[in-house]
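Visitor:
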Amino acid sequence: MNEKYQVIVDALGELEEDKFLDAIKELLEADPSAENAEQIVNACALGMEKVGEYFEQNEYFVGELIYAADILQNGFDLVNPYLSEEDASKKLGTMVIGTAPGDLHDIGKNIFKSMMEAAGFVVHDLGVDVKPEAFVEKVKEVKPNIVGISGLLTLSLDTMGDVINSLKEAGLRDDVKVIIGGNPVTEAAMKRVGADAYSTNASTGVKQCKEWVGA
Ligand code: B12
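Numbered by my numbering, the letters in the sequence shown go through residues 1 to 215 in order.
1) Run through DSSP, which three-state label would residue 177 get?
2) State the DSSP-derived secondary structure class of residue 94, mapped to helix, strand or coil.
3) To the nearest angstrom, report how far apart residue 44 and residue 110 are at their CA atoms.
4) Rounded to whole angstroms, what is the Cα-Cα separation between residue 19 and residue 4?
5) Give every residue of the same chain whose Cβ lies closer than 8 Å to the Cβ of residue 102, excluding the five residues on either side of it in the sequence, and list them in chain order.
6) Got a sec: does the ligand NAP put a non-hydrogen atom nearer than 8 Å to the Cβ of residue 159?
7) Any chance you could list the alpha helix (DSSP H) runs of at least 4 consecutive residues sitting entirely within the region 109-176, in chain order?
8) Between the C-alpha atoms of residue 171 and residue 76, what's the straight-line distance to the nearest angstrom?
9) In the DSSP assignment, find the beta strand (DSSP E) that holds residue 198 and state where it starts and stops.
10) Is there contact here, the region 175-184 with the region 199-213, by at least three beta-carbon pairs under 8 Å?
11) Go ahead and label residue 33 buried or exposed: buried means 16 or more other beta carbons lie within 10 angstroms of its beta carbon, across all protein chains shown.
12) Under 9 Å between the Cβ atoms of residue 126 and residue 98?
13) Within the continuous alpha helix (DSSP H) that includes residue 60, where are the two ends?
14) Please classify residue 167 as buried or exposed, where buried requires at least 16 neighbouring CB atoms within 10 angstroms.
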């Protein structure tokens, strides 16, 4: 990775907010393209991985996780407006998205949502810890092309299945494509829960959704 992006990874990992935000600002000033903004988002995700590693090693605790999430959100607020140069006025399709039942992580979901909106989708975001019934109600109401479920806990791989089963029981499963995303999702998990696609990366997730609507 280019050393300028590496500064972002390291500064976030070490919880150095000023250094982190200054690096993002400098990179965006030098190159305001969507491609650069995506690279910055990827560097942020790597920085959060470092935070996660420190947490696993008992060097950081939940307080540091919360602080890291806060710093990341501030960084992401800077990047968000640069994420796409596409014409967001031509709507490609509709998505209902939420974090899996029992899971409160939403940073990655919010990044994916912003990138979907920037690509031209209308996104209805149900928030975190979204119960299967809430997904069903929203799908009935807005009839989306795609349902997205985000999850960062291993436990979410089961509760994502509960959401998909509820869509089946309501007779809605065949009307939508379902994509699951978040760090722990795998192809095996996708098959087990009955989703149509999975992604551990917002860019490839958006690409998949665009393919589904023929864009
Ligand atoms: C920040 C964080 C928190 C914050 C969350 C703040 C927030 N608003 O989201 C707080 C402090 C609240 C938190 C709480 C907890 N956390 Co936490 N947390 C993290 C941490 C450090 C980073 C997660 C993150 O934001 N990553 C950055 C984003 C950008 O990455 P991402 O989510 O993967 O998203 C990208 C892609 O996956 C994709 N994507 C995401 N969603 C979707 C959806 C779709 C549809 C698509 C296509 C793509 C997509 O797009 C994104 C950009 O590319 C991780 C460690 C890690 N490295 O993952 C632990 C981690 C996820 N947490 C963990 C744990 C254990 C907890 C707690 C239980 C801690 C506790 N003891 O209380 C609680 C759980 C509360 C709950 N019920 O959910 C564990 C999970 C372990 C497991 N295997 O289940 C991890 C892995 C840490 C660890 N190594 O142990 N956490």
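Backbone N, C-alpha and C define an ideal beta-carbon position, used for all residues, glycine too.
Bear in mind that the values here come from a model prediction, so they are computed numbers and not experimental data.
Guide: Quick look at the numbers:
1) DSSP, reduced to helix, strand and coil, places residue 177 within a strand of the structure shown.
2) Residue state for residue 94 is assigned as strand, using DSSP reduced to three classes.
3) Straight-line spacing of the CA atoms in residue 44 and residue 110 works out to 13 Å.
4) Approximately 12 Å, taken between the alpha carbons.
5) Counting only Cβ-Cβ distances below 8 Å, and skipping sequence neighbours, we find 129, 153, 155, 156, 159.
6) This structure does not include the ligand NAP; its bound ligands are the ligand B12.
7) Within the region 109-176, the complete alpha helix (DSSP H) segments at least 4 residues long are 132-142, 156-169, listed from N- to C-terminus.
8) Straight-line Cα distance between these residues: approximately 37 Å.
9) Note, residue 198: beta strand (DSSP E), 197-199.
10) Yes, the region 175-184 is in contact with the region 199-213.
11) Classification of residue 33: exposed, given that the 10 Å Cβ count is below 16.
12) At the C-beta level, residue 126 and residue 98 come within 9 Å of one another.
13) Bounds of any alpha helix (DSSP H) do not take in residue 60, whose DSSP letter is neither H nor E.
14) By the neighbour-count rule (16 or more Cβ atoms within 10 Å), residue 167 is buried.
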